[in-house]
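The structure under discussion appears below in the form of structure tokens.
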Ligand code: SF4
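Numbering (our numbering), first residue to last: 7 to 246.
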């Protein structure tokens with residue numbers, strides 16, 4: 007999630023952060039961690055928990071709301087109570103579309119089946135930086151595991167009649183990858199769109215070359231996927 011501390015997507019109208027605590031995935035490029043170091047923010051330290059002030063916010067209607075953009079609401083260590091309370095608040099404001107992005111899609115399923123706790127209009131997203139697991143970069147589940155669970159969730163939700171759901175994969179920050187295996191992971195999810203961005207904070211990550219990124223973008227577009235290229239990727243790698 008927290009690659010940039012501002013609005014991560016130009017199609018999102020509101021980022022809403024009712025969850026506090028340090029994110030268990032502990033990604034080396036995380037902007038939330040950076041914020042904790044630089045501003046000594048107490049909100050994103052300690053155990054995952056609710057942040058009452060944000061929870062009380064009037065979410066209004068007609069907005070695309072990114073839920074918990076500064077941590078991962080569906081990380082294994084987040085108490086079920088915290089997730090249920092936040093989803094209940096979303097259901098109170100059904101006039102919005104909610105974005106739930108995670109690196110642990112297996113846990114999304116626990117709140118979708120057997121009892122669906124999600125609001126009516128959802129966009130489910132998954133961060134997938136590469137097909138390769140980089141344990142020194144992130145403690146999140148392995149990429150193939152993430153792809154498997156989001157793909158399965160998509161199939162089960164479609165079968166259960168949730169036709170308005172949207173799914174996306176966000177490749178940000180993009181890391182060195184194997185083209186065919188990475189494409190297969192993304193393709194397994196059958197996302198409505200793929201977002202691709204680069205390491206904007208220059209965290210010394212293992213990055214692919216511009217040619218490798220272009221090959222991935224071309225392959226995705228050839229297979230009719232909508233690819234949304236983030237400005238940093240355009241600026242640094244010349245990919246459009
Ligand atoms: S998953 Fe957690 S640690 Fe990783 S970037 Fe997102 S908020 Fe930060």
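Beta carbons are placed, not taken as given, at the ideal position from N, Cα and C, and that holds for glycine.
Using a threshold of 8 Å, state whether the C-beta atoms of residue 33 and residue 200 are closer than that.
No, these two residues do not count as a Cβ contact at 8 Å.
Give a single yes or no on whether residue 148 has its beta carbon closer than 7 Å to a heavy atom of ligand 1.
Checking every heavy atom of ligand 1 against the Cβ of residue 148, none is found closer than 7 Å.
How would you call residue 25, buried or exposed, if buried means at least 16 neighbouring beta carbons within 10 angstroms?
That one is buried.
Is the separation between the beta-carbon of residue 65 and that of residue 23 shorter than 8 Å?
No, these two residues do not count as a Cβ contact at 8 Å.
State yes or no: is the C-beta of residue 40 nearer than 7 Å to some heavy atom of ligand 1?
In this structure, residue 40 has its beta carbon at no less than 7 Å from each heavy atom of ligand 1.
Answer with buried or exposed for residue 241, where buried requires no fewer than 16 other C-beta atoms within 10 angstroms of its C-beta.
Exposed, since its Cβ has fewer than 16 Cβ neighbours within 10 Å.
Does residue 232 pass the burial test, meaning 16 or more other C-beta atoms within 10 Å, or should it be called exposed?
With fewer than 16 other Cβ atoms within 10 Å, it is exposed.
Below 8 Å between beta carbons: does that hold for residue 212 and residue 181?
Taking 8 Å as the Cβ cut-off, residue 212 and residue 181 qualify as a contacting pair.
Endpoints, beta strand (DSSP E) assigned at residue 182
Residue 182 -> no beta strand (DSSP E), and no H or E assigned at all.
Considering residue 107, what are the terminal residues of the beta strand (DSSP E) in which it resides?
Unbroken beta strand (DSSP E) run through residue 107: 103-108.
Taking 7 Å as the cut-off, is the C-beta of residue 236 nearer than that to any heavy atom in ligand 1?
Checking every heavy atom of ligand 1 against the Cβ of residue 236, none is found closer than 7 Å.
Using C-beta distances below 7 Å, list every residue in its chain close to residue 179, excluding the 5 sequence neighbours before and after it, in chain order.
For residue 179, where only same-chain residues beyond five positions count, the Cβ hits under 7 Å are 9, 35, 135, 203, 204, 205 and 211.
Flag residue 209 as yes when its Cβ comes closer than 7 Å to any non-hydrogen atom of ligand 1, and as no otherwise.
Every heavy atom of ligand 1 is 7 Å or more from the Cβ of residue 209, so no.
Beta carbon of residue 155: closer than 7 Å to some heavy atom of ligand 1?
Taking 7 Å as the cut-off, one finds no heavy atom of ligand 1 near enough to the beta carbon of residue 155.
Can you give the Cα-Cα distance for residue 217 and residue 159, rounded to whole angstroms?
Their backbone Cα atoms lie some 33 Å apart in a straight line.
Selected residue, minimal CA-CA separation from residue 89, among 75, 56 and 98
Of the residues 75, 56 and 98, the one whose Cα lies closest to the Cα of residue 89 is 56.
Quick check: what's the CA-CA separation for residue 137 versus residue 246?
Rounded to the nearest angstrom, the two C-alpha atoms are 22 Å apart.
Quick check: the Cα distance between residue 223 and residue 188, rounded to an integer number of angstroms?
Between the C-alpha atoms of residue 223 and residue 188 there is a straight-line separation of about 11 Å.
Heavy atom of ligand 1 within 7 Å of residue 51 beta-carbon
Not one heavy atom of ligand 1 falls within 7 Å of the beta-carbon of residue 51.
Cβ pair count under 8 Å reaching 3, the stretch 105-120 against the stretch 151-167
Contact holds: three or more Cβ-Cβ distances are below 8 Å.
Under 7 Å Cβ to Cβ from residue 209, same chain only, skipping five residues before and after it: list those, please.
Sequence-distant partners of residue 209 (beyond 5 residues in either direction) whose C-beta falls short of 7 Å from its own C-beta, in its chain, are 34 and 35.
Could you tell me if residue 77 is buried or exposed, where buried requires 16 or more neighbouring beta carbons within 10 angstroms of its beta carbon?
By the Cβ neighbour-count rule, residue 77 is buried, with 16 or more other Cβ atoms within 10 Å of its own.
Going by CA-CA distance only, name the one from 105, 228 and 169 that's closest to residue 16.
Its Cα nearest to that of residue 16, the residue 105 stands out among 105, 228 and 169.
In angstroms with no decimal places, state the Cα-to-Cα distance between residue 132 and residue 44.
Answer to the nearest angstrom: the Cα atoms are 27 Å apart.
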